[in-house]
Structures are given as structure tokens and as C-alpha cells.
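Colleague: Taking the UniProt record's numbering, the leading residue of the first sequence gets 1, the next gets one more, and so forth.
For every residue, glycine included, the Cβ atom is placed at its ideal position computed from N, Cα and C.
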Amino acid sequence: MARMRPLPSVIQFNQMLTCIVKMKNHYSSVISLFRDMCVRGIPVDEATLNIMINCCCVVGRVDLAFSTLSGFFKRGFVPNVVTFSTLLKGLFRDHKVPEAQELFKKIIKEKLCKPNETMLGIVIDGLCKAGNTQTAIEFLRAMEKRGSPCKPDAIMYNTVMDSLCKDKMVDEALALLLEMIEKDIPPNVVTYSSLIQGLCNLSRWKDVDKLFSEMKVYKIVPDVITLSIVVDALCKDGHIEDAEEVVRIMIQQGRNPDVVTYSSLMNGYCLQRRIDDARRVFDTMVASGLTPHLHCYGILINAYYKTKKVNAAMKLFREIPHKGLTPNIVIYNTVLQGLFSSGRYLSAREIFNEMQASGMKPDFHTYCVVLDGLCKTGHVDEALELFHATQANGTDLHIGMYTIMLDGLCKCRRVDSARDLFKNLSLKGLDPNVLTYSIMIAGLLSEGLLVEAKELFEKMEENGCLADSVAYNVILQGLLKGGHYEDAMAYYEEMVHRGFSLDASTCSILLDLSAENQNNPSVLMLMLKIDPNSKKFMDGGQRGPSH
DNA sequence: TTAGGGTTAG
Numbered sequence: 001m002a003r004m005r006p007l008p009s010v011i012q013f014n015q016m017l018t019c020i021v022k023m024k025n026h027y028s029s030v031i032s033l034f035r036d037m038c039v040r041g042i043p044v045d046e047a048t049l050n051i052m053i054n055c056c057c058v059v060g061r062v063d064l065a066f067s068t069l070s071g072f073f074k075r076g077f078v079p080n081v082v083t084f085s086t087l088l089k090g091l092f093r094d095h096k097v098p099e100a101q102e103l104f105k106k107i108i109k110e111k112l113c114k115p116n117e118t119m120l121g122i123v124i125d126g127l128c129k130a131g132n133t134q135t136a137i138e139f140l141r142a143m144e145k146r147g148s149p150c151k152p153d154a155i156m157y158n159t160v161m162d163s164l165c166k167d168k169m170v171d172e173a174l175a176l177l178l179e180m181i182e183k184d185i186p187p188n189v190v191t192y193s194s195l196i197q198g199l200c201n202l203s204r205w206k207d208v209d210k211l212f213s214e215m216k217v218y219k220i221v222p223d224v225i226t227l228s229i230v231v232d233a234l235c236k237d238g239h240i241e242d243a244e245e246v247v248r249i250m251i252q253q254g255r256n257p258d259v260v261t262y263s264s265l266m267n268g269y270c271l272q273r274r275i276d277d278a279r280r281v282f283d284t285m286v287a288s289g290l291t292p293h294l295h296c297y298g299i300l301i302n303a304y305y306k307t308k309k310v311n312a313a314m315k316l317f318r319e320i321p322h323k324g325l326t327p328n329i330v331i332y333n334t335v336l337q338g339l340f341s342s343g344r345y346l347s348a349r350e351i352f353n354e355m356q357a358s359g360m361k362p363d364f365h366t367y368c369v370v371l372d373g374l375c376k377t378g379h380v381d382e383a384l385e386l387f388h389a390t391q392a393n394g395t396d397l398h399i400g401m402y403t404i405m406l407d408g409l410c411k412c413r414r415v416d417s418a419r420d421l422f423k424n425l426s427l428k429g430l431d432p433n434v435l436t437y438s439i440m441i442a443g444l445l446s447e448g449l450l451v452e453a454k455e456l457f458e459k460m461e462e463n464g465c466l467a468d469s470v471a472y473n474v475i476l477q478g479l480l481k482g483g484h485y486e487d488a489m490a491y492y493e494e495m496v497h498r499g500f501s502l503d504a505s506t507c508s509i510l511l512d513l514s515a516e517n518q519n520n521p522s523v524l525m526l527m528l529k530i531d532p533n534s535k536k537f538m539d540g541g542q543r544g545p546s547h
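1) Contact between the region 152–160 and the region 185–197 is defined here as three or more beta-carbon pairs at a separation below 8 Å; is this criterion met?
2) Scan the UniProt repeat "PPR" (468–502) and note each continuous beta strand (DSSP E) run of 3 residues or more that stays entirely inside, going in chain order.
3) Which same chain residues end up closer than 7 Å to H484 when comparing Cβ atoms and leaving out the 5 residues on each side of it in sequence?
4) Would the beta-carbon of A2 fall within 8 Å of that of R40?
5) How is L17 classed by DSSP in three states: helix, strand or coil?
6) Looking only at its chain, what residues have a beta carbon closer than 6 Å to the beta carbon of V224, apart from the 5 residues adjacent to it on each side?
7) Who are the near neighbours of C200 in its chain, counting only those whose CB is closer than 7 Å to its CB and skipping five residues on each side?
8) Mapping DSSP to helix, strand and coil, what is V190?
9) Check this for me: beta carbons of C465 and V434, under 8 Å apart or not?
10) Going along the chain, which residues of its own chain have a beta-carbon closer than 6 Å to the beta-carbon of G76, five neighbours each way excluded?
11) Where do the N-terminal and C-terminal ends of the alpha helix (DSSP H) with E179 fall, by residue?
12) Locate the alpha helix (DSSP H) running through V221, then write down its first and last residues.
13) For D162, which residues from the same chain have a beta carbon less than 7 Å from its beta carbon, with the 5 sequence-adjacent residues on both sides left out?
14) I want to know whether the region 423–439 touches the region 454–468 - three or more CB-CB distances under 8 Å.
15) Measuring alpha carbon to alpha carbon, tell me which residue in E144, E102, N116, C113 is nearest L127.
16) Excluding sequence positions up to five away, which residues of its chain have a Cβ less than 7 Å from the Cβ of M360?
17) Looking only at its chain, what residues have a beta carbon closer than 7 Å to the beta carbon of L91, apart from the 5 residues adjacent to it on each side?
18) Identify the continuous alpha helix (DSSP H) that holds L49 and give its terminal residues.
19) When DSSP labels each residue in this structure, what does G400 get in the three-state scheme?
20) In angstroms with no decimal places, state the Cα-to-Cα distance between I20 and L49.
21) Can you check whether the CB of L336 is closer than 8 Å to the CB of G373?
22) Can you grab the Cα-Cα spacing for the pair I196 / E117, in whole Å?
23) Quick check on the burial criterion: 16 or more other C-beta atoms within 10 angstroms. Buried or exposed for V30?
24) To the nearest angstrom, how far is it from the Cα of Y269 to the Cα of L300?
25) How is R280 classed by DSSP in three states: helix, strand or coil?
26) If you run the structure through DSSP and keep just helix, strand and coil, what is E319?
27) Whole alpha helix (DSSP H) runs in the UniProt repeat "PPR" (433–467) with 4 or more residues, listed along the chain?
28) As a quick exercise: from E241, A389, P292, pick the residue whose alpha carbon is nearest that of G324.
29) Taking C-alpha atoms, which residue in T191, G198, I181, N473 lies nearest to K166?
30) What separation, rounded to the nearest whole angstrom, lies between the Cα atoms of residue 548 and T390?
31) Which class does L91 belong to by DSSP, given the choice of helix, strand or coil?
32) Less than 8 Å separating the beta-carbons of G394 and G448?
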């Protein structure tokens, strides 16, 4: 195009760039083509610059996006509403919420452009995704006032409602549905999909049915996304046969399931350890002409590890590049987790190095998996070394990583080091959560430090971290391992009183104890409290024939 | 020719 004479029009160049953008994953090519065009003196217009800004934002270079603004001024162009909307989206995407809010205020105050529905929709979405749904609702309310340049539309409502649903506030979202209908803003398939997902996640199946009927009345047809949501939710709730039925109906009606639908189904089987069935779904999907996503590989690899089929998992992992795909951070984290939990310390280290060599930066999950894996394979010192290194290399401090290290130190009886690290938290400005406290309490208990442990329990609740089911189980395990059976009884009564029950791993510890310690009345009493028919008890008991 | 909402894996 650059060599053609006469030169193709700016619009044709923009169309070409847009095509590349739509291919996804080639944003950096657009950035270099844009630079090339500038060097060759090929004319560009506002749209070209906006495309460039968008690509910079998508690859996480908001700084570059802002410096592209100078390209407008240099050419005598004025950044328009698309430019600013794109920049706002980029800031939100990069979790720079205060900066986005600042820019928005500046746009309004200095009248840099006239905001439209799209721009306001981006702001609402950004606020919601940052967890500020209430602020987004206030923003929506402000738009209803007289004199506001834009009125709330269906997309804005959908955004807010989806966010409420994801926060389990489905009834609030349903109230907004009524409001939409009252205000004559017609809901659409996206509105209903979000609500259906919210209800599915709470297993409110009857309400889901009601919404499907309502859709029929309004002549809104559920699409593949709506149905995939239902398939996924049915699978996660254990109703896999119903999910299969939905897929069968989809095929029958010619509304073909896509890769996401099949992925959900595969995951459903994997959750039930039915990998052969998952594999069958995978093959069906390929046979129907669909190309598996990385997700599909992630689901299967994870399932192979969970069922101890380490070789099958590695084989599938190594196949990924041959399918024209590149493993992403999730895949690497899955493999690392699988290798560590199978005790394959050396292979895990190898993969960790391989991952970094391929230019992939470990994320928060990677560090959690690796730190936990190192501790649990008996390499606590190596974990400590990595832990300190991540702090030095600028990785964000996170209480989760501390909690893992505290657990590792406590479990190898280095409670003094754990206590020091725990004291360090406040200096770093990090607040322990209920799990952090529980792990520390269990650690103290296993060293016989009953008084200190009880004090910390009180301090935890005073600090607003009320013990939950997980906390009680962790603490109970600490008490049992420390031989504090009578205290275990007391805490157990308290947890039942608060509506919590024993989990499988606590049951398992009790089973071990009862085998070793048959004459201890407290242990026997605790054993008797377990419902022998409960699934947790059965899971806890699957540790060998002697139990 | 450029900017907004709903689905899958750790």
C-alpha cells in the first residue's frame, strides 16, 4: 500500500489497521505499522491516531497512548470524544481508577469534548469492574437529572446489573430490571443473561425458569452466551446430565454450542473426576469443526493432575505449541500447581525457569503456587528466598503470599520465624485476614502455646475478622495436632453454634487420631459428633483401608 | 475508518 501510486486513502489505511486490530493479539503490529506510516510520511487522520491509542491501551501501555496525543496537536487535529473515551477505558483497564476519574473531571471541567453515551458507559463499566458498583449507580442516578446531556440507556443498566449479580445482589439487579421496563428502556438478551447467571450462581433455578418465560413474552431469544451460562451453572451445581440435555437441545434447534459451551461441559465432567467423558466432549467439539481454546487445555491438564495422571497432563501441555497456541500464565500456573502437588519438585522448578525464559512474568497466582509448593515439598528456605526476592523486584505486596509463608513456617515448626514475619505485617501496611490469623493460631497451638493462641483468637475477632468455617477448621486442626482435645471440643461447640461444620481434612485428622488414640474420651466425643453419612466424612475416610 | 454491556481454565 505504501508503494502504490496514487497512495491509497487514509480511510483505506485505517481499514487495514482495523482489520489487524480485529485479529486480536496483533496490537503491537499495529503500533509498529503506525510508526512506519509516520516515518514514510503517509497521511494519518484522527481515526488513525485513535486506533493507535486503542492499541497502546490494550497492550497495557497507557503512557504511550497519552504521548500519542501530541500527534494530534502536531497535525492541528483536536482529540475527540473517541480519543478521550479510549484513554478512559485504557486507564480503567490498567486499574488506574483515580487517574480515570481525574481525567473525566478534567474533560467535563475544561469542556475537552462533549461526553456521549459511549463515554459514560465506559466510566460506569470502569467503576463497576473496579468494585465501585455503588458509585456507578450514583453516576447513573445523576444522569437521570434534568439538564444531563445523556440519559441512562440499556447498556448502562446492563453493566450495573451485571456487576450487582456478580456481587450476589441479584434482587437489587432484578429491581433495576423493573425500573428499566417502567422507564421504557427495553431490556435485551444481555440484560437477561446477566440476571440468569446471577440467579444460577445462587441455585435459584425456579427464578431462572421465570426469567426464561419472561424473555419469551418479550420475544427476546436466548443466544449461545445465555445458554452457555446455564450449561456452566448446571455443571458447577452438579447437574451435568441436565447440562448435556441443554446442549442436545441447542444442537437440535440449530443454535450450535461454541467452544465456551463445550468448555463448560468439559469442566463439569472434570469436577466430577470423569475425565474420559471430558475427553469425549473435547473430541466431539473438534469433530464439529471447532478449534479448542487454551481454556480447554487448561481444564483437562488440571483434571489430569487432580487425578494424579501427571504424565498425561505433561503430554497435553507439550501438545499446546503444536496446535498453534502459546501457553499463557494460567496454563503455566496450572502445570506448576500440578507438579508441586504431585511432589515433582525438580520438574516444577524446570517449568518455572522455562516460563520465565519464554518471557512470561510470574503473576500473583504463580508466586502463591510456587511458594506454597516449595514449602510443601520441604524447601521452606528456598521459598523464603523467593519470597524476599519478589519483594525486592517490585512485585506488589499481598497478604496472600505472607499467609502462605506463615503456613509453611508453622508447618515445619519454625513458629518463631512465623511470629516475626507476622509482626512485620503492620510495618508493611498489610492487614492479616481471617485465614492469616487462623494459620498463626494453629501454628502456636501445634507448639503447645495455648494461651498465646487463645489471645490471638480474641485479637482476631476484636479486629473485625470473625472466624468462619475455614478458620475454625484450621484452628481445630491445630488444636488436635497439639493434643488439646478438650479445647478442641470447646471450639467445636462454638463453631457448630455459629452454624459451621467440620470439613473433610479435619474429619480426616480426627479419623487418624481416633485410630491412634482410641481411649481418649474427647476424641471419641468429637468422632461421635460427625455425621457418618456426610460426604465430608466419606472424603476424609478415603485415605486407606485401615480407616 | 476510531470508543460502551453478558459465557469457559489456575
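Modeller: Let's see:
1) A contact exists between the region 152–160 and the region 185–197.
2) Segments of the beta strand (DSSP E) lying fully in the UniProt repeat "PPR" (468–502): there are none.
3) If you number the first sequence from 1, residue 484 lands on position 484. Taken in chain order, the residues that qualify are L445, L450.
4) One-based indexing of the first sequence puts residue 2 at position 2. One-based indexing of the first sequence puts residue 40 at position 40. For A2 and R40, yes; Cβs fall inside 8 Å.
5) Taking the first residue of the first sequence as 1, we reach residue 17 at position 17. It is helical.
6) By 1-based counting over the first sequence, the position of residue 224 is 224. Non-local beta-carbon contacts of V224 in its own chain, meaning distances under 6 Å to residues more than five positions away in sequence, involve D258 in chain order.
7) Within the first sequence, numbered from 1, the residue matching residue 200 stands at position 200. Here C200 has V208, I229, V230, A233 as same chain residues with Cβ atoms under 7 Å from its own Cβ, once five neighbours each way along the sequence are excluded.
8) The residue given as residue 190 occupies position 190 in the first sequence. In the three-state scheme derived from DSSP, where H, G and I count as helix and E and B as strand, V190 is classed as helix.
9) The residue you call residue 465 lines up with position 465 of the first sequence. The residue you call residue 434 lines up with position 434 of the first sequence. Their beta carbons are under 8 Å apart, which means C465 touches V434 by this criterion.
10) Here the question's residue 76 lines up with position 76 in the first sequence. Listed in chain order, the non-local C-beta contacts of G76 below 6 Å within the same chain number zero, local neighbours out to five positions each way being set aside.
11) As a first step, residue 179 is located in the first sequence; it is residue number 179 there, counting from the start. Boundaries of the alpha helix (DSSP H) around E179: 170–182.
12) For this step, residue 221 is matched to residue 221 along the first sequence. From DSSP, V221 is part of no alpha helix (DSSP H); its letter is neither H nor E.
13) Against the first sequence, residue 162 aligns to sequence position 162. Within the same chain, D162 has close Cβ partners S194.
14) Touching, per the Cβ criterion.
15) In the first sequence, residue 127 corresponds to position 127, counting from 1. Just measuring C-alpha positions, the residue of E144, E102, N116, C113 sitting nearest L127 is E102.
16) If you number the first sequence from 1, residue 360 lands on position 360. By the criterion of a C-beta distance shorter than 7 Å, M360 is surrounded in its chain by I329, Y332, once the five residues flanking it on both sides are discounted.
17) For the purposes of this step, residue 91 is taken as residue 91 along the first sequence, with counting starting at 1. Cβ within range, chain order: V62, E99, A100, L103.
18) As a working note, residue 49 is residue 49 in the first sequence. Its alpha helix (DSSP H) spans residues 46–58.
19) Looking up residue 400 in the first sequence gives position 400. DSSP, reduced to helix, strand and coil, places G400 within a helical segment of the structure shown.
20) Counted from its first residue, the first sequence places residue 20 at position 20. Counted from its first residue, the first sequence places residue 49 at position 49. If you take the alpha carbons of I20 and L49, they lie about 15 Å apart.
21) On the first sequence, residue 373 is found 373 positions in, with the first residue counted as 1. On the first sequence, residue 336 is found 336 positions in, with the first residue counted as 1. The Cβ atoms of G373 and L336 sit closer than 8 Å to each other.
22) Position 196 of the first sequence holds residue 196. Position 117 of the first sequence holds residue 117. Distance from the CA of I196 to the CA of E117, rounded to the nearest whole angstrom, comes to 26 Å.
23) Reading the first sequence from its first residue, position 30 is the one you call residue 30. Here V30 is buried, its C-beta having at least 16 other C-beta atoms within 10 Å.
24) Taking the first residue of the first sequence as position 1, residue 269 is located at position 269. Taking the first residue of the first sequence as position 1, residue 300 is located at position 300. Each residue's alpha carbon lies about 10 Å from the other.
25) One-based indexing of the first sequence puts residue 280 at position 280. Three-state result, R280: helix.
26) Along the first sequence, read from residue 1 onward, the residue named residue 319 stands at position 319. In this structure, E319 counts as helix in the three-state DSSP scheme.
27) Runs of the alpha helix (DSSP H) inside the UniProt repeat "PPR" (433–467): 434–446, 450–462.
28) In the first sequence, counting from the first residue as 1, residue 324 sits at position 324. That would be P292, whose Cα lies nearest to the Cα of G324.
29) Numbered from its first residue, the first sequence carries residue 166 at position 166. G198 is the residue among T191, G198, I181, N473 whose C-alpha sits nearest the C-alpha of K166.
30) No answer is possible for residue 548: the residues shown for the chain start at 1 and end at 547.
31) For the purposes of this step, residue 91 is taken as the residue at position 91 of the first sequence. Of the three classes helix, strand and coil, the one that applies to L91 here is helix, per DSSP.
32) The residue labelled residue 394 in the question sits at position 394 within the first sequence. The residue labelled residue 448 in the question sits at position 448 within the first sequence. In terms of Cβ geometry, G394 and G448 do not form a close pair [threshold 8 Å].
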